[in-house]
Amino acid sequence: MNEDEGMSLIVKTLTRSLFPIMVLFGAYVILHGHITPGGGFPGGVIIATGVVMMLLAYGAKKAKQIVNVNQTTILESFGALTIAVLGLLGIVLIGQFLEGVPGVGYIGTLFSGSNLAILNIGVGIKVAAGLITITYAMLELEGGH
Amino acid sequence: MIASLHYPIAILMFVVGIYCLLFRRNLIKMVMGLGILTNGVHLFLVSVGYRIGGAAPILTGGLNQFAGAPVDPLPQVLVLTSIVIDISIVALALSLIIYIYREHGTLNPDKIRELRG
Amino acid sequence: MKDRDKVASVLVTAFAILALFLIVNGYVGGELVSFGNYPEREATSDTFENYAVAMEYYENNQKEMVKDFDITVKGIESSDFMKNRPEEFGRQAISRYILKKELFVIEGENVLPLVLDLNARSVSDQLEGYFEEENKQLEDSEVSILEIDQKWKIDSQNTDYILERENDSIKVSSYKFAEDTGAANSITAILWDYRGYDTLGEATVIFVAVAAIAALFRSSKEVDDDE
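Going down the list, the sequences are from chains P, R and C. The first sequence begins at 55 in my numbering and counts up by one. The second sequence begins at 30 in my numbering and counts up by one. The third sequence begins at 550 in my numbering and counts up by one.
Structure, rendered in structure tokens:
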């Protein structure tokens with residue numbers, strides 16, 4: 055690992071071990087959006103913060119190899135398409151936009167709520183990918199192999 | 030002392046934001062004033078929905094005080110949407126500032142006089 | 550001074566005076582600063598036959614009405630406007646409609662044994678019978694005591710029920726948002742179920758912002774024309 059770019063060795067080691075914990079915490083906040091406070095939007099921001107933390111610690115040259123900007127733009131559109139497709143499925147199958155079947159499981163567990171969990175996941179992916187795209191575009195890093 | 034401290038602080042943040050927007054001659058400081066301004070408005074909105082002895086409007090298993098007097102959840106929903114829109118505004122403004130700096134070489138809005146005759 | 554500085558100083562002094570006024574008002578104990586702190590009010594005790602009679606009554610006493618616009622209308626078949634509305638409407642209608650909705654009242658001589666059963670945290674067959682009459686299920690439920698003065702909460706599969714005792718009757722209410730959507734978080738239920746269109750619009754805002762910034766910083770080397 056090149057020690058000329060980025061920050062010192064202590065920061066690099068700590069960031070490398072902290073990054074998966076941040077992604078895990080962001081995924082937890084997204085998935086438990088209908089039980090605890092949070093939801094799709096804060097969870098996406100937490101995941102994006104983890105990636106930006108890696109960018110700060112390792113310098114611009116190595117950051118280009120981690121994230122491919124072309125792929126994140128596709129991921130962002132995928133998240134937006136999820137919401138639209140679920141809404142249209144509500145019209146086709148049930149009758150109203152964004153409507154699901156209520157009363158699937160017990161209240162307070164993970165598998166409750168009709169389609170709230172899937173919508174939260176869609177928005178979380180969209181916000182995370184969008185913020186990463188903004189950061190990499192402003193620094194003009196094309197990124198990726 | 031004061032019945033509730035939220036409202037004067039929210040208006041104070043609004044005043045500080047407007048002061049930064051009007052009196053600072055640096056584009057980035059004006060954008061920072063924008064951020065403080067919107068956060069003051071969000072604080073005001075959320076404070077309107079407070080009830081005495083209220084609990085958070087989330088159902089948990091077992092004992093909780095939700096049935097007594099829940100706090101109004103509607104202003105919190107509107108603020109959640111407004112925060113995300115604030116992010117987009119600040120991001121777009123900062124990227125336009127990068128372009129302005131490349132063209133004119135200065136961040137002072139008084140010296141950028143391309144539109145004047 | 551230039552004109553812009555004059556306008557700016559006038560605006561800043563106006564807002565500073567407004568902030569000072571609010572602080573002083575709160576110190577003296579005025580109502581302006583604490584207007585968000587009133588406890589949740591109950592509906593007035595007037596019950597009217599239909600919507601027209603209610604409006605007539607409140608038009609005659611218009612001066613008192615502006616501040617306490619909470620009326621209870623018996624039955625909801627008075628007009629088409631009221632058909633899909635909750636039974637109570639007023640300034641806090643939306644939150645109260647979603648958060649707590651009264652279902653039915655249990656009266657009669659069987660109230661005391663029911664109270665003893667609920668205090669012992671068990672759901673008796675009588676209680677299930679009352680619920681079945683109104684087409685609600687009580688399978689696998691648990692009872693928890695909310696406060697000391699006779700309030701109970703039943704955790705059942707689809708929603709939670711709150712029972713309150715008033716002298717000789719028990720009032721049963723439930724959470725409407727839990728029944729409609731199945732979410733335990735009322736704010737997520739409002740964001741995605743009752744106000745789903747607003748969230749869709751906000752997702753569009755994020756998409757447009759990201760697309761604009763990605764388009765601004767595209768280098769000119771990427772656009773190459775094929776021969």
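Cβ coordinates follow ideal geometry from the N, Cα and C atoms, glycine included.
Would you kindly work out how many angstroms separate the C-alpha atoms of residue i and residue j, rounded to a whole number?
{"i": "residue 749 of chain C", "j": "residue 106 of chain P", "result": "27 Å"}
{"i": "residue 768 of chain C", "j": "residue 117 of chain R", "result": "22 Å"}
{"i": "residue 621 of chain C", "j": "residue 77 of chain P", "result": "The predicted position of residue 621 of chain C is uncertain, since its pLDDT is 45 and thus under 50; no value can be drawn from it."}
{"i": "residue 692 of chain C", "j": "residue 683 of chain C", "result": "19 Å"}
{"i": "residue 708 of chain C", "j": "residue 110 of chain P", "result": "47 Å"}
{"i": "residue 5 of chain P", "j": "residue 562 of chain C", "result": "Nothing in the structure corresponds to residue 5 of chain P, since chain P is present only between 55 and 199."}
{"i": "residue 45 of chain R", "j": "residue 566 of chain C", "result": "13 Å"}
{"i": "residue 735 of chain C", "j": "residue 115 of chain P", "result": "45 Å"}
{"i": "residue 664 of chain C", "j": "residue 671 of chain C", "result": "10 Å"}
{"i": "residue 74 of chain P", "j": "residue 62 of chain P", "result": "20 Å"}
{"i": "residue 760 of chain C", "j": "residue 39 of chain R", "result": "33 Å"}
{"i": "residue 650 of chain C", "j": "residue 723 of chain C", "result": "5 Å"}
{"i": "residue 60 of chain P", "j": "residue 127 of chain P", "result": "26 Å"}
{"i": "residue 131 of chain R", "j": "residue 188 of chain P", "result": "19 Å"}
{"i": "residue 564 of chain C", "j": "residue 103 of chain R", "result": "27 Å"}
{"i": "residue 78 of chain R", "j": "residue 49 of chain R", "result": "29 Å"}
{"i": "residue 47 of chain R", "j": "residue 144 of chain P", "result": "45 Å"}
{"i": "residue 87 of chain R", "j": "residue 559 of chain C", "result": "45 Å"}
{"i": "residue 81 of chain P", "j": "residue 129 of chain P", "result": "16 Å"}
{"i": "residue 86 of chain P", "j": "residue 715 of chain C", "result": "38 Å"}
{"i": "residue 132 of chain P", "j": "residue 100 of chain P", "result": "19 Å"}
{"i": "residue 66 of chain P", "j": "residue 106 of chain R", "result": "38 Å"}
{"i": "residue 666 of chain C", "j": "residue 688 of chain C", "result": "16 Å"}
At a CB-CB cut-off below 7 Å, which residues of chain P make contact with residue i?
{"i": "residue 113 of chain R", "result": "95"}
{"i": "residue 65 of chain R", "result": "Correct list: empty, because the minimum Cβ distance to chain P is about 19 Å."}
{"i": "residue 726 of chain C", "result": "Going along chain P, no residue has its Cβ under 7 Å from residue 726 of chain C, so there is no contact; the nearest lies around 10 Å."}
Looking at the unbroken alpha helix (DSSP H) that takes in residue i, where does it start and where does it end?
{"i": "residue 70 of chain P", "result": "63-85"}
{"i": "residue 180 of chain P", "result": "170-192"}
{"i": "residue 76 of chain R", "result": "56-77"}
{"i": "residue 96 of chain P", "result": "94-120"}
{"i": "residue 748 of chain C", "result": "745-765"}
{"i": "residue 135 of chain R", "result": "That residue, residue 135 of chain R, is in no alpha helix (DSSP H); it is neither H nor E in DSSP."}
{"i": "residue 675 of chain C", "result": "674-682"}
{"i": "residue 136 of chain P", "result": "123-147"}
{"i": "residue 158 of chain P", "result": "From DSSP, residue 158 of chain P is part of no alpha helix (DSSP H); its letter is neither H nor E."}
Am I right that residue i and residue j are in contact with their C-beta atoms under 8 Å? What's the rounded C-beta distance?
{"i": "residue 117 of chain P", "j": "residue 195 of chain P", "result": "7 Å"}
{"i": "residue 69 of chain R", "j": "residue 43 of chain R", "result": "4 Å"}
{"i": "residue 127 of chain R", "j": "residue 57 of chain R", "result": "Not a contact, Cβ separation roughly 10 Å."}
{"i": "residue 718 of chain C", "j": "residue 654 of chain C", "result": "5 Å"}
{"i": "residue 713 of chain C", "j": "residue 702 of chain C", "result": "Not a contact, Cβ separation roughly 10 Å."}
List the residues of chain C that residue i touches, going by C-beta distances under 8 Å, in chain order.
{"i": "residue 180 of chain P", "result": "752, 755 and 756"}
{"i": "residue 130 of chain P", "result": "756 and 759"}
{"i": "residue 109 of chain R", "result": "736 and 740"}
{"i": "residue 87 of chain P", "result": "734 and 737"}
Going by the DSSP bridge assignment, what does residue i pair with across the sheet?
{"i": "residue 723 of chain C", "result": "C:650 and C:710"}
{"i": "residue 84 of chain R", "result": "R:99"}
{"i": "residue 692 of chain C", "result": "C:703"}
{"i": "residue 715 of chain C", "result": "C:718"}
{"i": "residue 116 of chain R", "result": "Residue 116 of chain R is not bridged to any residue."}
{"i": "residue 656 of chain C", "result": "C:718"}
{"i": "residue 734 of chain C", "result": "R:87"}
Whose Cβ in chain R lies nearer than 9 Å to the Cβ of residue i?
{"i": "residue 74 of chain P", "result": "Going along chain R, no residue has its Cβ under 9 Å from residue 74 of chain P, so there is no contact; the nearest lies around 25 Å."}
{"i": "residue 687 of chain C", "result": "The premise fails here: residue 687 of chain C is roughly 16 Å from chain R at the closest Cβ pair, so nothing lies under 9 Å."}
May I ask which residues mark the beginning and end of the beta strand (DSSP E) holding residue i?
{"i": "residue 703 of chain C", "result": "700-704"}
In chain P, what lies closer than 9 Å to residue i by C-beta?
{"i": "residue 120 of chain R", "result": "185, 188 and 192"}
{"i": "residue 124 of chain R", "result": "188, 191 and 192"}
{"i": "residue 127 of chain R", "result": "192"}
{"i": "residue 749 of chain C", "result": "137, 138, 141, 151 and 152"}
Could you tell me which chain R residues have their CB closer than 7 Å to the CB of residue i, listed as they occur along the chain?
{"i": "residue 557 of chain C", "result": "51 and 52"}
{"i": "residue 733 of chain C", "result": "87 and 88"}
Can you pull the chain P neighbours of residue i, defined as C-beta to C-beta under 8 Å?
{"i": "residue 703 of chain C", "result": "Going along chain P, no residue has its Cβ under 8 Å from residue 703 of chain C, so there is no contact; the nearest lies around 12 Å."}
{"i": "residue 745 of chain C", "result": "141, 151 and 152"}
{"i": "residue 729 of chain C", "result": "156"}
Just to make sure I have the definition right: I need the residues of chain C whose C-beta is within less than 7 Å of the C-beta of residue i. Which are they?
{"i": "residue 48 of chain R", "result": "561"}
{"i": "residue 177 of chain P", "result": "752"}
{"i": "residue 127 of chain P", "result": "763"}
{"i": "residue 70 of chain R", "result": "Residues of chain C passing the Cβ test: none, with the nearest at roughly 13 Å."}
{"i": "residue 167 of chain P", "result": "730, 731 and 732"}
Would you say residue i faces chain A, with C-beta separation under 9 Å as the test?
{"i": "residue 85 of chain R", "result": "Absent here is chain A; the protein component of the structure consists of chains P, R and C."}
Using a C-beta to C-beta distance shorter than 9 Å, which residues of chain C count as neighbours of residue i?
{"i": "residue 68 of chain P", "result": "Within 9 Å Cβ-Cβ: nothing; residue 68 of chain P doesn't reach chain C, min ~30 Å."}
{"i": "residue 60 of chain R", "result": "Simply none; closest approach about 15 Å."}
{"i": "residue 134 of chain P", "result": "752, 753, 755 and 756"}
What does residue i touch in chain R if you count any residue whose Cβ is under 8 Å from its own?
{"i": "residue 648 of chain C", "result": "86, 99 and 102"}
{"i": "residue 564 of chain C", "result": "40, 43, 44 and 47"}
{"i": "residue 568 of chain C", "result": "37, 40, 41 and 44"}
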